[in-house]
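Numbering-wise, this note's numbering puts 35 at position 35 of the sequence shown, and it's gapless, one number per residue.
We put the beta carbon where it would ideally sit given N, CA and C, even for glycine.
Below you'll find the structure, written out as structure tokens, and then a few comments.
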Amino acid sequence: MDKEILKLCTDYKKQLIDDALKQKTYGQALKYLKNLHYDFDGNFRATLPEQILGLLNSVIDEAIIEVRMKAYKQSIDGDDESSKPKH
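So, in structure tokens, the structure goes:
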């Protein structure tokens, strides 16, 4: 059972990353993932549905980290105005 849950979480994370990277920018990809995150609004009672949502939030957090790390590895190409030196 634990291995099945782990595989489902791994597959879900991969799908989340694939979906996020279809956005035009890494910023939009991160925003896409953050918008999927469930907000308990300070009202977490640890019911089974809330525990499942907590698990899904953890998987989303892992996907956010992976997309962010991918973005950090990108070289600066100087195409956008914000990366040009100001004189």
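Shown here, residue 10 sits in a helix according to DSSP, grouped into three states.
Check the Cα spacing between residue 66 and each of 3, 19, 50: the tightest is with 19. Judged by DSSP secondary structure, residue 65 falls within the alpha helix (DSSP H) whose first and last residues are 48–72. Per DSSP, reduced to three states, the secondary structure at residue 21 is coil, with no helix or strand assignment. By the Cβ rule, the segment 43–61 does not count as touching the segment 70–77, because fewer than three pairs are nearer than 8 angstroms. DSSP, reduced to helix, strand and coil, places residue 32 within a helical segment of the structure shown.
Taking each of 75, 76, 77, 60 in turn and checking the Cα distance to residue 11, the smallest one comes out for 60.
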